[in-house]
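What follows is a single structure, written as structure tokens, with notes after it.
4 protein chains.
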Amino acid sequence: MQLGMIGLGRMGGNIVRRIVRDGHTAVGYERKSANIEELRAELGERFQGTTDLREFVAALETPRVVWVMIPAGATGAVIAEVAELLEPGDIVIDGGNSRYHDDIRRAEELKPKGIHYVDIGTSGGVFGLDRGFCLMIGGEPEPVAHLDPLLKSIAPGVDAAPRTPGRTGEPTPAEQGYLHCGPAGAGHFVKMVHNGIEYGAMAAYAEGLNILHKADYGLSHSGEFSAEETPLEHPEHYRYRIDVPEVTEVWRRGSVVASWLLDLTAAALHADPNLDSFGGRVSDSGEGRWTLDAAIDTGVPAPVLAAALFGRFSSRGESLYADKVLSAMRKAFGGHNELPRA
Amino acid sequence: MQLGMIGLGRMGGNIVRRIVRDGHTAVGYERKSANIEELRAELGERFQGTTDLREFVAALETPRVVWVMIPAGATGAVIAEVAELLEPGDIVIDGGNSRYHDDIRRAEELKPKGIHYVDIGTSGGVFGLDRGFCLMIGGEPEPVAHLDPLLKSIAPGVDAAPRTPGRTGEPTPAEQGYLHCGPAGAGHFVKMVHNGIEYGAMAAYAEGLNILHKADYGLSHSGEFSAEETPLEHPEHYRYRIDVPEVTEVWRRGSVVASWLLDLTAAALHADPNLDSFGGRVSDSGEGRWTLDAAIDTGVPAPVLAAALFGRFSSRGESLYADKVLSAMRKAFGGHNELPRA
Amino acid sequence: MQLGMIGLGRMGGNIVRRIVRDGHTAVGYERKSANIEELRAELGERFQGTTDLREFVAALETPRVVWVMIPAGATGAVIAEVAELLEPGDIVIDGGNSRYHDDIRRAEELKPKGIHYVDIGTSGGVFGLDRGFCLMIGGEPEPVAHLDPLLKSIAPGVDAAPRTPGRTGEPTPAEQGYLHCGPAGAGHFVKMVHNGIEYGAMAAYAEGLNILHKADYGLSHSGEFSAEETPLEHPEHYRYRIDVPEVTEVWRRGSVVASWLLDLTAAALHADPNLDSFGGRVSDSGEGRWTLDAAIDTGVPAPVLAAALFGRFSSRGESLYADKVLSAMRKAFGGHNELPRA
Amino acid sequence: MQLGMIGLGRMGGNIVRRIVRDGHTAVGYERKSANIEELRAELGERFQGTTDLREFVAALETPRVVWVMIPAGATGAVIAEVAELLEPGDIVIDGGNSRYHDDIRRAEELKPKGIHYVDIGTSGGVFGLDRGFCLMIGGEPEPVAHLDPLLKSIAPGVDAAPRTPGRTGEPTPAEQGYLHCGPAGAGHFVKMVHNGIEYGAMAAYAEGLNILHKADYGLSHSGEFSAEETPLEHPEHYRYRIDVPEVTEVWRRGSVVASWLLDLTAAALHADPNLDSFGGRVSDSGEGRWTLDAAIDTGVPAPVLAAALFGRFSSRGESLYADKVLSAMRKAFGGHNELPRA
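Heads up: the protein sequence lines correspond to chains A, B, C and D, in order.
So the number in the working numbering is just where the residue sits in the first sequence, counting from 1, plus 26.
So the number in the working numbering is just where the residue sits in the second sequence, counting from 1, plus 26.
So the number in the working numbering is just where the residue sits in the third sequence, counting from 1, plus 26.
So the number in the working numbering is just where the residue sits in the fourth sequence, counting from 1, plus 26.
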């Protein structure tokens, strides 16, 4: 089968690599030729690339399959541009990190032209080339079914994890790592929640490791204290110098918190045991926010996911004004002066 | 009636002032003479002071009433020292910010000597001299009853707030601003929870004002964004330049969030509209932590109080290690580099 | 000055009462005549009412001032209807609980007709008639200035609170209880954040009182425990039977947490000490959600406000599915059975 | 090597099985004989068991290795009892879920007798027999080193997970699934934080799945609403019927949130897609609370772990009083009546 890919960066390029390696062919489009040439050199004839959008569309067999894999902010304009060149029955896929609201709208906009719109949330990051990508898919049943051979090649496959007890017979698509989640937007919706969970789980590890990191607190803080500091009632309880990198390693085998995120954390801590190469300003790329928005809209309590998101905001200094308000209040009612900066 | 006061700092001195002004007499003890001389000059003969603990005890009428008003860390030693000089029937009061666990223990220790132990949580801060102090009291009924004339003078009195609808007849002590909450430790327990609530309410204001402070976000952040930043979907919703000091002022009259904390906030923002005199490192003095400990012990959900406490920790940089862990994870699975420091 | 009021329920009726009592006149409109008749009987000639919208508009002096005070869901349609009957220079006020997004849109829609749109967030609840209403106002400067005499009558006035230290001279509008916060939507934006803070502060009290309520935990839970329950390490720390209604009363005078919300809580607990008349399903009316949405959009950490909102969701059973997931996980990895329902 | 095991329940029995299968011998003690007989039948001569503690001790080679694997509440008494029968140089292991405070104290108490105390936090649950147990160990270096052959047999071994990139040469103990974390208590300290993280990660999944579960909210809630309910601004965004069991399955392969907890969740949801066999009352067994206590003591922000813990408390109805307070406040200031029970 043939795939057209717009955007040949890390994600788009690796998806192309997976399908070509699995026997399919691909046509790539990008404004600049560097990635095109690299893929051509690597994949040979089963890949062709072009910097001309019309050429790209012309090179595709009908019904065309056009996967757009570019930053979310640019996706709308590119889809509109390519849709002008497509015909009824063609399929456009947004595989990036768009908000699912946009999918719902775009699917409606393309429907009168007979163009099918499919949204695919893609997880796997820089490891996707080898591990395969987990695919969460939204759209009408027919075009999604049409894509099945490609999806199977991109996804990790059933062997990527032990089979869930109780599941027998032919593996479902979910067991192979791709799932048709519902109509337009459902793929990005599920991917969005996936990332919301990711933020929460990451924060759970980070908070716990911070507690281990501070387990030597009683060695430096004895029972003395100023009026502005809370005394440590039992300094003898905090006299551990925990080797945090080794702890993350030991938890990888046999423990309840074993996970791929923990694997990565153990690797990162092995490479940089004190995390000196990081400053602690943590970005968020939207999905965590949108997950919270969805929780709020539907009345679902999500205190853990919210705390994780707000922790990222705070890491970037966004609590500063609020903290100043607190200091101002404390000074006003109690005459408390702030502690000096450490 | 006569009160013995150990510790003549801001809090102890103002309590002495209130009772002497109300017709009682006081004997003060402190190691240095400066505060003693100041109070003597101000209050005249109804106040005597000494830097000799034996003289202090000798000057008190029996049953002696000894109020200890010094930093929590020093209270235990001073109570032990003065208790050596006291007689059965005397009353020792811890009016500071001790943890109530210490009250339970100390009351047990003093019981064999026939000395009554009373713990009094005191709220009112630097305004207590004029407004009166809110008193939360723990101890046996008899000694607490014995203290009633003094407590009445220290507390704000019924006129400090409109009477609660439905309350008629002789005002209860609670309506006058002092309350016997239960046996030893109950006073500091209630004061502890009071401060826990205080942290939560303060944080509610601080977070809300921070949102107002950022209401101009859409003026500086249009719809563009990098892959590491979340776009603002509707910049037109965030084009307000809110005058935060004026907002705190308007809320003081007629709104649901009117409070004494808001009064103080409005004053602080009037004096320093941009809070330039504050750095945002917020201390905590123990009660917020102990309130959380109590919630955890008794299985009571306290997410708001916890968030308020943890916000203070974070304001002092204590999230840094956790934030670095998050950055390390993001780099590991997604190749994301951190945003540069602003 | 004259005010036209659409909606004569509790809020609209009380605003009419305040302005008429202060010397202004009012024209009221409502579909049914009951409230009209009641106000007429009470206020006499300075109030006229009608169930006919055209009559209502005709009775107003130009430039007309039309205050719409109806549930947020119906406001849009009514404003559209009345706007058809208005002329350039007239002023429409939305005094309800609309989302500020709607204000921004409506102001744009009415601008071509020359009709001024003003949004007023109103706080004060059932006590506003006597205490006055706190008014947060958005709109263009001229129409807002035109409304000044009415706003002054509706607001509580400067005497409603002690003057903030450092403020001298003629009181500002904020000191009288009303504030022009910015362009269209700014009034409802500030009111929204006000309610967000309200949720947070309410939850702070509620959590703290719950801890007091459980302070007798050690009397019923000694050190024994099952494998599914956490033992209480120090039952002797939780042997207090706290009189929660009296605690709320004592905090009203002299304490740092004194507030109007606390006044109301003390009254409610005096009337119903065990809160037997309540079931604990807590509604939220939108502002708390929208405050969170604004925090998320602008990257402001709001963990306390979020926890307060999510607590309300949970009170209505919305955590149930998540809790079942947790139970399923615990059973899966540890063989833990759920505790039976109490 | 030989191991003495006190407590032959699920955990103790499976540890015995693992070491005997790996070539060691074991002596078991339990008050009742059922488990002893079962293990004897299964393991043959390399296992002996007794219901007599003196016989148990007598059957052990010196230096004796006595692993106590019983509920935390009973551990202290049993260790005291067996210690009376031991000799200098013997080793007592607490492998249960004791609080690490107890380890610090017990190690001190046994030191004068020359008995070594080792605490081992054990993770692995019901799957430990096959997967191996993750072991977190506290104690003096010599006795821990002496135990090495046994620990190696109990732990999962290096093949249980892919080797962390950058780790070469002879695998460290951590890579084999056991780690000497520090002096007495360090094992249970690390296990405690492990469980705190577990609570947080579990809650992250549970909240996210709840959002997926409610993704059909717009199908039942259109834009209408009462004054006590928040309208859904965009019902068209919530029209998905997500197959939550299939989503957990698809995430197992290639996604960032793949984990052992997710594997278990997918299995649980496959077996009971609507979780009908669960009521949603979630226990906590202490470690989550103690993790929070440690965070509070050392000033580490742990909002995610706290939210997870408090969610469990709330699932058991412990928010009820607080929720009633909120309802009472809402009624007091706004005249709001509670929503009826669903």
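Virtual Cβ for every residue (Gly too), placed ideally from N, Cα, C.
Residues that DSSP places opposite residue i in a beta bridge
{"i": "H142 (chain D)", "result": "D:I117"}
{"i": "W93 (chain A)", "result": "A:M31, A:I119"}
{"i": "M162 (chain A)", "result": "A:G147, A:L205"}
{"i": "F73 (chain D)", "result": "D:A52"}
Residue i: first and last residue of the uninterrupted beta strand (DSSP E) it sits in
{"i": "I223 (chain A)", "result": "Counting along the chain, I223 (chain A) falls outside any beta strand (DSSP E), though it belongs to the alpha helix (DSSP H) covering 212-239."}
{"i": "L205 (chain B)", "result": "204-208"}
{"i": "L287 (chain A)", "result": "Run containing L287 (chain A): none in the beta strand (DSSP E); it sits in the alpha helix (DSSP H), 286-297."}
{"i": "G102 (chain C)", "result": "Run containing G102 (chain C): none in the beta strand (DSSP E); it sits in the alpha helix (DSSP H), 98-109."}
Three-state secondary structure assigned by DSSP to residue i
{"i": "T51 (chain C)", "result": "strand"}
{"i": "I62 (chain B)", "result": "helix"}
{"i": "Y266 (chain B)", "result": "coil"}
{"i": "E344 (chain A)", "result": "coil"}
{"i": "G280 (chain C)", "result": "coil"}
{"i": "D310 (chain D)", "result": "coil"}
{"i": "N363 (chain C)", "result": "coil"}
{"i": "R57 (chain C)", "result": "coil"}
{"i": "V170 (chain B)", "result": "helix"}
{"i": "T324 (chain D)", "result": "helix"}
{"i": "E68 (chain B)", "result": "helix"}
{"i": "V46 (chain D)", "result": "helix"}
{"i": "E272 (chain D)", "result": "helix"}
{"i": "F112 (chain B)", "result": "The sequence shown places Leu at residue 112 (chain B), rather than the Phe named in the question. Of the three classes helix, strand and coil, the one that applies to L112 (chain B) here is coil, per DSSP."}
{"i": "L335 (chain D)", "result": "helix"}
Buried versus exposed call for residue i [16 or more other C-beta atoms within 10 Å across all chains shown]
{"i": "R279 (chain D)", "result": "buried"}
{"i": "T77 (chain B)", "result": "exposed"}
{"i": "G343 (chain B)", "result": "exposed"}
{"i": "A56 (chain B)", "result": "With the sequence shown as reference, residue 56 (chain B) is identified as Glu, and Ala is not the correct amino acid for it. That one is buried."}
{"i": "N363 (chain B)", "result": "exposed"}
{"i": "R376 (chain C)", "result": "Any question about residue 376 (chain C) goes unanswered here, given that chain C covers just 27 to 368."}
{"i": "T194 (chain A)", "result": "exposed"}
{"i": "E123 (chain C)", "result": "The question names Glu, yet the displayed sequence has Asn at residue 123 (chain C). By the 10 Å Cβ count, N123 (chain C) comes out buried."}
Closer than 8 Å to chain B by CB, residue i
{"i": "T88 (chain A)", "result": "no"}
{"i": "F339 (chain A)", "result": "no"}
{"i": "T256 (chain A)", "result": "yes"}
{"i": "E233 (chain A)", "result": "yes"}
{"i": "V216 (chain C)", "result": "yes"}
Chain A contact for residue i (CB, 8 Å cutoff)
{"i": "P329 (chain C)", "result": "yes"}
{"i": "G325 (chain C)", "result": "yes"}
{"i": "E196 (chain D)", "result": "no"}
Residue i, enclosing alpha helix (DSSP H) - first and last residue
{"i": "L136 (chain C)", "result": "126-136"}
{"i": "A84 (chain B)", "result": "79-84"}
{"i": "R157 (chain B)", "result": "154-157"}
{"i": "L245 (chain A)", "result": "243-246"}
Minimum Cβ-Cβ distance from residue i to chain C less than 8 Å
{"i": "K139 (chain D)", "result": "no"}
Neighbour flag for residue i against chain D, beta carbons, 8 Å
{"i": "R193 (chain B)", "result": "no"}
{"i": "Y143 (chain A)", "result": "no"}
Residue i beta carbon near the ligand PLP (any heavy atom closer than 7 Å)
{"i": "S285 (chain B)", "result": "Inclusion of the ligand PLP in the displayed structure is not the case, the ligand content being empty and no account of it being possible."}
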